[in-house]
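Asker: In our numbering, the protein residues as written are 482 to 635. No residue lacks a Cβ here, since even glycine has one placed at the ideal position from N, Cα and C.
1. Tell me which same chain residues have a C-beta within less than 7 angstroms of the C-beta of residue 633, skipping the five on either side of it?
2. Pairing CB atoms from the segment 537-548 with CB atoms from the segment 581-589, are three or more of them under 8 angstroms?
3. So, under 8 angstroms CB-CB, residue 533 and residue 592 are touching, yes? Tell me the CB distance rounded to an integer number of Å.
4. Counting along the chain, where does the alpha helix (DSSP H) carrying residue 553 start and finish?
5. Whole beta strand (DSSP E) runs in the segment 548-599 with 3 or more residues, listed along the chain?
6. In angstroms with no decimal places, state the Cα-to-Cα distance between residue 627 and residue 635.
7. Out of 563, 614 and 572, which one is the CA nearest neighbour of residue 631?
8. For residue 522 and residue 572, which I take to be in contact (beta-carbon distance under 8 angstroms), what is that distance rounded to the nearest angstrom?
9. Tell me, please, which residues DSSP counts as bridged to residue 629.
10. CA-CA distance, residue 570 and residue 482?
11. Measure the CB-CB distance between residue 553 and residue 598 and report whether it falls below 9 angstroms.
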């Protein structure tokens, strides 16, 4: 009986150590500089710092230095999983011209509410000047390219 309890204790300690190490890796990755041409995982603090400080101002003013797309998604969403590789490809293709962020609506409920994300995927196209435009639902790469070329880079 003592052997079983000792084994259970070791397993529990191992699980706890793994969980804390895994969380530390995730936090460290988000703090590291993002490589160019990649989709950037965004949280509320990053949104307020890099996109728009909705806590201190009501009038939209984009803070970024390049046009952006915010992909509001969830891990369980089938259409979101289909559009993820498209966004990755577009981030590489338009590297240096636009920034593509992704926001998990299950983890960042406040940002989801800010854009009234009642259905996903939801894409927020943010030009340098003017109001952001919402694009609901999944589409093919050509549709996103047209929106980038005609709305963000015009």
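Answerer: Walking through what the data contain:
1. So the list reads 548, 579, 606 and 608, once near-sequence residues are dropped.
2. Result no; under three Cβ-Cβ pairs closer than 8 angstroms.
3. Not a contact, Cβ separation roughly 10 angstroms.
4. From DSSP, residue 553 is part of no alpha helix (DSSP H) but of the beta strand (DSSP E) over 549-554.
5. For the segment 548-599, the continuous beta strand (DSSP E) assignments of 3+ residues that do not extend past its boundaries occur at 549-554 and 580-585, in sequence order.
6. 11 angstroms
7. Among 563, 614 and 572, the Cα nearest to that of residue 631 belongs to 614.
8. So it is not a contact: roughly 12 angstroms between Cβ atoms.
9. Partner(s): none; residue 629 has no beta bridge.
10. 56 angstroms
11. Closer than 9 angstroms, so yes.
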